[in-house]
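In full-length UniProt numbering, the protein residues as written are 1 to 109. Cβ atoms here follow ideal geometry from the backbone N, Cα and C, with glycine treated the same way. Please read all numbers here as calculations on a predicted model, not as lab measurements. In what follows, a structure is listed as structure tokens, so that the remarks can point back to it.
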């Protein structure tokens, strides 16, 4: 059975995740928490830090995050939950820390 486009996107992000450094995974964690808890908006300072003011092209990691942002916004709840399930199979500790951060962030709102 062929995978749907969104299932292919999820598998692609899982593949990228498995090659990221711990530092990149921490950046991804912050982005993921910000997406799941919309009230956790970044400050203007955080947004300014995210801007690229030099002439260097974006890193492969930044391009991957940009694609993830585009794809994630199009996924429904079932696809997002499936993504987290797949991610948990690859790195259960990451998903555990993610769930802890969601709980902490939701408690602050």
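Bounding residues of the alpha helix (DSSP H) (the contiguous stretch that carries residue 71): 60-74
Consult DSSP for residue 1 and reduce its assignment to one of helix, strand or coil. coil
Give me the residue from 59, 56, 58, 68 with the minimum Cα distance to residue 128. With the chain covering 1 to 109 only, the question about residue 128 has no answer from this structure.
Candidates 6, 79, 33: closest to residue 94 by CA position: 33
For the alpha helix (DSSP H) holding residue 198, just list the boundary residues, first then last. Residue 198 is absent from the structure shown; the chain starts at 1 and stops at 109.
Whole-Å CB distance - residue 14 paired with residue 81, under 8 Å assumed: So it is not a contact: roughly 14 Å between Cβ atoms.
Could you tell me how far apart the beta carbons of residue 61 and residue 24 are, in whole angstroms, since I believe they sit closer than 8 Å? 5 Å
Along the chain, where does the alpha helix (DSSP H) containing residue 36 start, and where does it finish? 22-36
Cβ-based burial, residue 11 [other Cβ within 10 Å; buried from 16]: exposed
Hey, would you say residue 65 sits closer than 9 Å to residue 28, going by beta carbons? yes
To the nearest angstrom, how far is it from the Cα of residue 26 to the Cα of residue 98? 10 Å
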